[in-house]
Amino acid sequence: MRKIVYTGSLALALTLTLAGAAQAGGDRVTTPTLTGFASLPAATFVAGSEPSGALVTGNTNGFPVPFADQPIQGFSGIADNGDGTFDVLSDNGYGNQANSGDFLLRIQRLAPVFAGNTVDVVGGVNLTDPDGHVPWKLTRADRVLTGADFDVESIVKANDGTY
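Residue numbers (mature numbering (1 follows the signal peptide of the UniProt record, and there is no 0)): -24 to -1, 1 to 139.
Structure, rendered in structure tokens:
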């Protein structure tokens, strides 16, 4: 999990730096420059969510499993909402399909607080397929998507606000 923390923090910092530089004055960025930093602790979970990590074995970097809730860390993609918040797409869970059947795929809404070097989790939504578009059998009968169903890698927000 420690690798996920560094990856998530670095990706958020670099993405925000480049996005902020492009918006600040429309100047072309020729030298990447870190202009702010915000970090989300690895032990950040969706309060009141379902337990997860029961299928994880091996090194967990000191984090005992299973978890009482769903972890927030581990991002595959990021979309700027234009209001200081960012929607981040959860990665596939705990590293592979075999151990991620209880990891719910989710879009988290994050608000970095650069003055405090922190990140506020301000919302999120689980990914589901209630209308049965996915043609194969999903892990869960309620069609909530898990890391065993998909390894999602990117998120793009359309002009109408859909993904």
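Ideal Cβ placement from N, Cα and C applies to all residues, glycine included.
In its own chain, leaving out the 5 sequence neighbours on each side, no residue places its CB closer than 6 angstroms to the CB of G108. A residue is called buried once 16 or more other Cβ atoms fall within 10 Å of its Cβ, and L10, having fewer, is exposed. For G38, DSSP assigns no beta-bridge partner whatsoever. Here I83 is bridged, per DSSP, to L65 and V101. Within the same chain, L80, N102 and T104 come within 7 angstroms of V120 by CB-CB distance, once the 5 residues on both sides are set aside. Around the C-beta of G50, 16 or more other C-beta atoms lie within 10 Å, and the residue is accordingly described as buried.
DSSP places F51 inside the beta strand (DSSP E), whose first and last residues are F51 to D56. Comparing C-alpha distances from F39 to each of T20, Q84, G12 and T61 shows the shortest one belongs to T20.
Taking all protein chains in view, the Cβ of D3 is surrounded by fewer than 16 other Cβ atoms within 10 Å, so the residue is classified as exposed. Note that the C-beta distance between R82 and G99 is not below 7 angstroms. For D67, the number of other beta carbons within 10 angstroms of its own is at least 16, and it is reported as buried. The shortest C-alpha to C-alpha distance from T61 to any of A87, I54 and I131 is the one to A87. The shortest C-alpha to C-alpha distance from I54 to any of A134, S130, T122 and A91 is the one to S130.
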